[in-house]
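Asks: Note that the sequence shown covers residues 634 to 1340 in our numbering.
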Amino acid sequence: MTTSSSPVVRCHLQSDVACICIDNPPVNALSSAVRAGLLEAVRAADADPAVRAIVLVGQGANFIAGADIREFGQAPQPPSLPEVCNRIEACAKPVIAALRGAALGGGLEIALAAHYRVALGDARLGLPEVQLGLMPGAGGTVRAPLLIGAAAALDLMLSGRHVQPKEALALGLVDRLAEGEDALAAGLAWAQALLAQGAGVRRTRDAQGLADRAAAQAAIDAARADVGKKSRGLFSPQKIVEAVQTTLDQPVDEAIRREREAFLACIDSPQRAGLIHAFFAEREVAKVPEAKAAASRTLEHVGIVGGGTMGAGIAVAALDAGLPVVMVERDEACIARGRANVEKVYDGLIAKGRMTAQAKAAVMARFSGSTDYAAFEDVDLVIEAVFEDIEVKKAVFAELDRVCKPGAVLATNTSYLDIDAIAASISRPQDVIGLHFFSPANIMKLLEIVVPARVAPDVVATAFALARRMKKVPVRAGVCDGFIGNRILAVYRQAADHVMEDGASPYAIDAALRAFGFPMGPFQVSDLAGGDIGWATRKRKAATRDPKARYVQIADRICERGWFGQKTGRGWYVYPQGARAGQEDPQMLAIVDAERRRAGIAPRPFSAEEILERYMAAMVNEGANVVHQGIALRPLDVDVTFVHGYGFPRHRGGPMKYADTVGLPKVLADIRRFAQEDPLFWQPSPLLVQLVAEGRDFASLNQSAKG
């Protein structure tokens, strides 16, 4: 045999070993052409009397990185991946998978179907399908448990994590490690060694990873309980656990057949559509006009103003990105507090065994503090994280304007304030940008990059470069009160207040949102963040509030008592002895009743469905306004903001994707129905009205923006 006919799968004979090479740039994804070429090459090699062994290898830096995402949503083309995997495993000659780079999803399933596996030092193995609302569908839930046991296989599939070569060897996912970067050479060397030993085929279906049935059943039961607690109604994790149970109980061929049925059920699940939308949206958000127009400025040294919770969290995010950080505070006591806030994060990692004292010392060597703004004279970017008052922030920016070198990027971490006004207050507005981190800043993935009118494109590009280095999910936002996330939050939180005043308890509202998939309801979130923050915002806006607009005063009554949530031991819930989990509070409910009487409102019951309809309609309607006014570039930017910053259930894709799923005509009809009670609050977004009239959805705007 010489070469196969497929342009994406090449095969040649080296001595008596058939070398089958997958060559489908950039990551050797399993397109229909790759599957067909692989099946043909394996059949030909198995039938060729000159071939004694087969090596599977990926061209370039990866083995196979999984399914071809370009084929998502299209009708499946033969051959199926299970057919390819089953044919590899059925080979009468030893098949060796030589792995480097990504061996993920279907790529690892191909490797599991081979008889032997060797991994190079840069290999990454995993079955991450769960992150897309899917499950392994080509024998992964069968062969992985048979090879490495139920507990290890379930951990791999339910977490979706990547395994490095040494762990893969310890687990038994691979049989040996090899040096260097030449996967083909490593595969050939082992093939010849196996042939010299007289080794034959060793099919994974015959492996004994489930021989201890009691241990396997205990692992399955533990995973089932864990999924029930943590996955809040997610479909594919339950299917993964069921599939491993089937592998334990049924013959291999039956388990593979049932796995495919479950995989196809996952494909049809709305959760899969939501998770795939989130997956693609996270990749699209970085595609902004400024990043195309300009390259990033130099970004090697960062300054931070303020060492409170937010400033310290940003400092940790920058240190974790490998950047040196200098923090400026008003006095030595505040510098010491800022350093302590930073060190507390690393001390926590040491306590959990996730960091060594030496590693902490190496990181902290890149941190310095000063009470003098002159310490910023050489930094490339400064992030201001001081009190949320525009005059305080303008005073900080005046100092930055005075000391920072020309071309330094000057960023504010404001959550609400007018960044155009801050930029206009100094001599270099083109260098000013908003970097709105979410607390805790070293953990939360979302970073709103707020683009003022006069900013230079390369400053925006620098902000996106910083987000990449910090492993954040960046979303471009325009300037307005609250940008994307907090602006929309203010509206749907008002809707929740209206529902509460009209008769639903805050506890019923929180429960309805948790059932939908949020980790917490809005009143739990308020207690966690601190009710005084929202109170300060309401007082700031009081002078400009429309006197005709409905204003619910219940939260103000609670704040007037000094009940700010967890930090004061009481808010919407009560927290006895500093407990993190709140308990329902009859005194708080009495305040709600009193306020209803004061407002002349006769309370009425609300079902969980009614609560959700109003909450989501308010969120979607204001999301449409944010897109319509250009604050968000596309609906998907709103979706990513809410999935990563506000706890919106990822499997629903985001509020705009959810609206498309429900149907925009239904959302608009709900808003018009609610407007009969309160026409000022429930004004349909012009964009929503337009899309319904044209028979379009929010997804059509994502597509047109992409084009």
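No residue lacks a Cβ here, since even glycine has one placed at the ideal position from N, Cα and C.
Spatial neighbours of A595 within its chain, please: C-beta separation below 6 Å, excluding the five flanking residues on both sides.
Replies: Because the chain in this structure spans residues 634 to 1340, residue 595 falls outside the shown range and cannot be described.
Asks: If you draw a straight line from the alpha carbon of E742 to that of R1173, how long is it in whole angstroms?
Replies: One alpha carbon belongs to E742, the other to R1173, and they sit about 57 Å apart.
Asks: On the criterion of 16 or more Cβ atoms from any shown chain inside 10 Å, does F1020 qualify as buried, or is it exposed?
Replies: exposed
Asks: Decide if D1011 is buried, meaning its Cβ has at least 16 other Cβ atoms within 10 Å, or exposed.
Replies: exposed
Asks: Given a cut-off of 8 Å on the beta-carbon distance, is the pair E1335 and R1267 in contact?
Replies: For the sequence presented, residue 1335 should be read as Asn rather than Glu. In contact: N1335 and R1267 (Cβ atoms closer than 8 Å).
Asks: Give the DSSP-derived three-state secondary structure of M1133 in the structure shown.
Replies: M1133: helix per DSSP, three-state reduction.
Asks: Specify the secondary structure class of Q1216 as computed by DSSP and reduced to three states.
Replies: Under the three-state reduction of DSSP, Q1216 is assigned to strand.
Asks: Please work out which residues of its chain come closer than 6 Å, Cβ to Cβ, to P1062, disregarding the five sequence neighbours upstream and downstream, and give them in chain order.
Replies: A1056 and R1087
Asks: Given V978, which residues of its chain have a CB within under 7 Å of its CB, disregarding the five upstream and five downstream residues?
Replies: Counting only residues of its own chain and dropping the five nearest sequence neighbours on each side, V978 has a CB closer than 7 Å to the CB of V949 and N1075.
Asks: Please return the same chain residues whose Cβ sits closer than 8 Å to the Cβ of L1222, not counting the five positions on each side in sequence.
Replies: So the list reads S1138, once near-sequence residues are dropped.
Asks: Use the C-beta contact count for P709: other C-beta atoms within 10 angstroms, 16 or more gives buried, fewer gives exposed.
Replies: With fewer than 16 other Cβ atoms within 10 Å, it is exposed.
Asks: With three or more C-beta pairs closer than 8 Å as the rule, is the segment 741-757 touching the segment 798-814?
Replies: yes
Asks: Taking T774 and E892 to be in contact with their CB atoms under 8 Å, please state how far apart those CB atoms are, rounded to whole angstroms.
Replies: 5 Å
Asks: Can you tell me the Cα-Cα spacing of S902 and L767, whole angstroms?
Replies: 9 Å
Asks: In angstroms, rounded to a whole number, what distance separates the CA positions of A1141 and R1190?
Replies: 20 Å
Asks: Using the DSSP secondary-structure output, state which residues sit across from C654 in a beta bridge.
Replies: In the DSSP assignment, C654 forms a beta bridge with R643 and V690.
Asks: Could you tell me the alpha carbon to alpha carbon distance between K1181 and E1228, rounded to whole angstroms?
Replies: 18 Å
Asks: Which value, in whole angstroms, describes the spacing of the CA atoms of L1320 and V1259?
Replies: 10 Å
Asks: Assuming G740 contacts F696 (C-beta within less than 8 Å), just tell me the rounded distance between them.
Replies: Yes, G740 and F696 are in contact; Cβ-Cβ is about 6 Å, under 8 Å.
Asks: Could you work out which residue in P1152, A826 and R720 is closest to D649 when comparing CA atoms only?
Replies: A826
Asks: Pairs of beta-carbons, one from the segment 807-819 and one from the segment 871-881, closer than 8 Å: are there three or more?
Replies: No, the segment 807-819 does not touch the segment 871-881.
Asks: What residue does the alpha helix (DSSP H) around E673 start on, and which one ends it?
Replies: Run containing E673: S665 to A680, per the alpha helix (DSSP H) assignment.
Asks: When the Cα of R1237 is compared with those of K1105, C644, A1031 and D1135, which residue comes out closest?
Replies: D1135
Asks: Less than 8 Å separating the beta-carbons of L1014 and L1099?
Replies: yes
Asks: Looking at A816 and G691, is the spacing between their C-beta atoms short of 8 Å?
Replies: Result yes, Cβ atoms of G691 and A816 sit closer than 8 Å.
Asks: In the DSSP assignment, find the beta strand (DSSP E) that holds R757 and state where it starts and stops.
Replies: R757 to G759
Asks: Looking at C-alpha atoms only, which residue of G1328, P1317, V1276 and L1297 is the closest neighbour of G907?
Replies: V1276
Asks: Counting pairs of beta carbons, one from the segment 938-946 and one from the segment 913-922, are three or more of them closer than 8 Å?
Replies: Touching, no, given that fewer than three Cβ pairs across the two stretches are closer than 8 Å.
Asks: Does the beta-carbon distance from P1288 to V1271 come in below 8 Å?
Replies: In contact: P1288 and V1271 (Cβ atoms closer than 8 Å).
Asks: For S1344, which three-state DSSP category applies?
Replies: Nothing can be reported for residue 1344, as the shown portion of the chain is limited to 634 through 1340.
Asks: For T1274, report the span of its alpha helix (DSSP H) as first-last.
Replies: P1268 to G1278
Asks: Give me the residue from L1122, R930 and A992 with the minimum Cα distance to P1039.
Replies: Residue R930 is the option with its Cα nearest to P1039.
Asks: Mapping the DSSP letters down to three states, classify I1244 as helix, strand or coil.
Replies: helix
Asks: Look at D1165 and P1155 and say whether their C-beta atoms are less than 8 Å apart.
Replies: no
Asks: Counting only the same chain and skipping the five closest in sequence on each side, list residues whose C-beta sits under 7 Å from that of Q647.
Replies: L821
Asks: Return helix, strand or coil for R750, following the three-state DSSP convention.
Replies: strand
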